[in-house]
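As they're listed, the protein sequences go chains A and B. This note's numbering numbers the first residue of the first sequence as 3 and each following residue consecutively. This note's numbering numbers the first residue of the second sequence as 3 and each following residue consecutively. Cβ atoms here follow ideal geometry from the backbone N, Cα and C, with glycine treated the same way. Source: prediction; values computed, not measured. Working notes, beginning with the structure itself.
Protein chains: 2
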Amino acid sequence: MNPTLNVPRNGHLVIIGGHEDRQHDMQILSRFVELAGGPDARIVVITAASQIADEMWHIYDDAFGALGVTRHSHLEITSRDDANDENFVRQVAEADGIFMTGGDQKRLLALIGGTALDAEMHAALKVRGATIGGTSAGASAMSGHMLAQGRTDLLPEKGSVSLGAGLGFLHRVVVDQHFSERQRLSRLLSIVAQNPYLQGIGIDEDTALVIERGVGIEVLGEGAVTVVDGRSMSSNVAEIKDRAIPELIDVRLHLLPAGAKYSLPIGDEQVGRRIPASLLDFLQIVTKRTPLS
Amino acid sequence: MNPTLNVPRNGHLVIIGGHEDRQHDMQILSRFVELAGGPDARIVVITAASQIADEMWHIYDDAFGALGVTRHSHLEITSRDDANDENFVRQVAEADGIFMTGGDQKRLLALIGGTALDAEMHAALKVRGATIGGTSAGASAMSGHMLAQGRTDLLPEKGSVSLGAGLGFLHRVVVDQHFSERQRLSRLLSIVAQNPYLQGIGIDEDTALVIERGVGIEVLGEGAVTVVDGRSMSSNVAEIKDRAIPELIDVRLHLLPAGAKYSLPIGDEQVGRRIPASLLDFLQIVTKRTPLS
């Protein structure tokens, strides 16, 4: 067994904006495997977001195989009964890495939200320090408030996006994916305009936001992570009609390119360079060690 | 003569994001005419940005004609000699409204930048309180630092946009047009990342930012005006290589939809509702009465 598997781990989230490379450098999947403990890690793949679960599994079976992983398996969940099934739940309880594929995040939540499997995933992350990865729909599903659906318009619009309940591995944020490629800033601004409590996180394709609980974050891959913070904005969104364009003043925007890495200060000491206050606040929110239930 | 022509005027800029309606409601052109003094106003159309000047002139000849304007004429400038020609300069000196069409802002500046015509346009705005309108290239040309050219990439990139010298009717900003339609936020962020002294103004199609010098601003039309303020951002742009994606933290973004209207406080009194500090600052910058030379 890989010795790193016995070291106490903080738990990582690997939140991927879709279309991560699965055949060439596999930078992101390779980091996922490394964080889970290396080739000896036990990795389970949850394809429940997808209606073509078998195809999805074959793609990741090949990718993880190519990365030298031998103990990866398909959790083929097609009903909530499956997601409460002892056998599936035990596989999660023994996993070092749990990977959620793309598809539709509403489908994923409809199948596993609030089940024994969901609870076991939280335990895996928070108690055992496992690594949870998700791409595309699997990325959006990570937050407590989940982008359920929304049009991509040229401009933000009141009422154009709806939220649902996500898995809740992180809170006070909402995750969108395929972000720059599908020009989704206006959709993220629509959410933030109406939900200023939530910071918007937009993740580009073949790009991942890696979060180590209690420690820090890192951006991997080809693109960037965009953060939209409307907590100190002024807006008329409460007064305008549905479908109208809101006035938004003082939205803060951060662009964190691949390669960016930030750690929380340890005690009063900042490791590396000083982090601007608003980013530090973002860091504290996403790395927060939330309790099990 | 229309009586409003004899009232002292502050001078207006009508900065249009391109594709303003010229056949149906003509909301923006109609406001341009109104600000210039109504149907009796003398309006000159500068087509120098375009290589199809005649076609441009016919479009605006029809549009202003349909709005009841009778004294509109084409300033057909094809050389810098034309732009120093007494006859052309006199027409500007007598104009109530000066309208610059689309085309290429570099061509426009190459033909009229620094000429007697340019100086007379400043006098028209600042001494006589005339109205200056510009659409697309004519909008970009308005600021002192002008977006000369730049690719539209998915993400901001160091070195992807170049600035040139514009006409300088307003300063400390840079104007981009066709903004939401051509997904130009990343290009505006590229500029602001490298030029944090400049606030980026992105104007949508069939949308205008109307500025009354010393008084206030208004957004007209169908879309919105996006303001990007990087003055208090943190960025690594000075350290990274050309073509790399910069880290940007704490860029401020304002979205001002059509219908939005803001006035400077008069003395200590705010007309209408209180304006957030950062927008007030933007207002002070764009409405500033800069001196003639």
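Exposure of residue i, with buried meaning 16 or more beta-carbon neighbours within 10 Å
{"i": "Val316 of chain B", "result": "Beyond the ends of chain B as shown, which are 3 and 295, falls residue 316 of chain B; an answer cannot be given."}
{"i": "His26 of chain B", "result": "exposed"}
{"i": "Pro5 of chain B", "result": "Here the model assigns Pro5 of chain B a pLDDT of 44, short of 50, so the residue's position is not dependable, and the following value carries that caveat. By the neighbour-count rule (16 or more Cβ atoms within 10 Å), Pro5 of chain B is not buried but exposed."}
{"i": "Tyr199 of chain B", "result": "exposed"}
{"i": "Lys290 of chain B", "result": "exposed"}
{"i": "Met3 of chain B", "result": "Its pLDDT being 40, under 50, Met3 of chain B is placed unreliably in this model, and the value from its coordinates should be taken loosely. Exposed, because fewer than 16 other Cβ atoms sit within 10 Å of the Cβ of Met3 of chain B."}
{"i": "Leu294 of chain B", "result": "exposed"}
{"i": "Arg276 of chain A", "result": "exposed"}
{"i": "Asp98 of chain B", "result": "buried"}
{"i": "Ser188 of chain B", "result": "buried"}
{"i": "Gln286 of chain B", "result": "exposed"}
{"i": "Arg92 of chain A", "result": "exposed"}
{"i": "Gly269 of chain A", "result": "exposed"}
{"i": "Ser162 of chain B", "result": "buried"}
{"i": "His147 of chain B", "result": "buried"}
{"i": "Asp64 of chain B", "result": "exposed"}
{"i": "Gly232 of chain A", "result": "buried"}
{"i": "Ser142 of chain A", "result": "buried"}
{"i": "Glu22 of chain B", "result": "buried"}
{"i": "Gly140 of chain A", "result": "buried"}
{"i": "Glu220 of chain A", "result": "buried"}
{"i": "Gly67 of chain B", "result": "exposed"}
Residues that residue i bridges to, as DSSP identifies them
{"i": "Glu220 of chain A", "result": "A:Val212 and A:Lys263"}
{"i": "Asp231 of chain A", "result": "A:Arg254"}
{"i": "Phe101 of chain A", "result": "A:Val47 and A:Gly135"}
{"i": "Leu172 of chain A", "result": "A:Ser145"}
{"i": "Arg73 of chain A", "result": "A:Arg44"}
{"i": "Ile18 of chain A", "result": "A:Thr137 and A:Ala210"}
{"i": "Ser280 of chain B", "result": "Beta-bridge pairing links Ser280 of chain B to no other residue."}
{"i": "Gly166 of chain B", "result": "B:Met148"}
{"i": "Gln332 of chain B", "result": "Chain B is shown only over 3 to 295; residue 332 of chain B falls outside these bounds and no answer can be derived."}
{"i": "Ser236 of chain A", "result": "A:Ile251"}
{"i": "Ala226 of chain A", "result": "A:Pro259"}
Test item: CB-CB of residue i and residue j under 8 Å
{"i": "Asn12 of chain B", "j": "Gly216 of chain B", "result": "yes"}
{"i": "Leu113 of chain A", "j": "Arg82 of chain A", "result": "yes"}
{"i": "Leu15 of chain B", "j": "Leu69 of chain B", "result": "no"}
{"i": "Thr209 of chain B", "j": "Leu222 of chain B", "result": "yes"}
{"i": "Ser75 of chain B", "j": "Pro278 of chain A", "result": "no"}
{"i": "Asp120 of chain B", "j": "Leu77 of chain B", "result": "no"}
{"i": "Thr103 of chain B", "j": "Tyr62 of chain B", "result": "yes"}
{"i": "His256 of chain B", "j": "Leu250 of chain A", "result": "yes"}
{"i": "Ile79 of chain B", "j": "Ile45 of chain B", "result": "no"}
{"i": "Val239 of chain B", "j": "Gln179 of chain B", "result": "no"}
{"i": "Ser280 of chain B", "j": "Asp252 of chain B", "result": "no"}
{"i": "Val177 of chain B", "j": "Met144 of chain B", "result": "yes"}
{"i": "Thr2 of chain B", "j": "Gly39 of chain B", "result": "Since the first residue shown for chain B is 3 and the last is 295, residue 2 of chain B is missing from the structure and cannot be characterised."}
{"i": "Val94 of chain B", "j": "Ile213 of chain B", "result": "no"}
{"i": "Arg33 of chain A", "j": "Arg254 of chain B", "result": "no"}
{"i": "Gly105 of chain B", "j": "Ile18 of chain B", "result": "no"}
{"i": "Leu298 of chain A", "j": "Glu183 of chain B", "result": "Since the first residue of chain A shown is 3 and the last is 295, residue 298 of chain A is not available in this structure."}
{"i": "Gly218 of chain A", "j": "Leu258 of chain A", "result": "no"}
Minimum Cβ-Cβ distance from residue i to chain E less than 8 Å
{"i": "Val253 of chain B", "result": "In summary, chain E is missing from the structure at hand, where the protein chains are A and B."}
- Message: If contact is defined by three or more beta carbon pairs under 8 Å, each pair taking one atom from either stretch, is the stretch 257 to 269 of chain A in contact with the stretch 218 to 229 of chain A?
- Response: Yes, they touch.
- Message: Using a Cβ distance threshold of 8 Å, determine whether the stretch 149 to 160 of chain B contacts the stretch 119 to 136 of chain B, with at least three qualifying pairs required.
- Response: Verdict: no, contact absent.
- Determine, using beta-carbon pairs with one atom in the stretch 236 to 246 of chain A and one in the stretch 204 to 211 of chain A, whether at least three such pairs fall under 8 Å. No, the stretch 236 to 246 of chain A does not touch the stretch 204 to 211 of chain A.
- Could you tell me whether the stretch 49 to 62 of chain B touches the stretch 105 to 112 of chain B, where touching means 3 or more Cβ pairs closer than 8 Å? They touch, by the three-pair rule.
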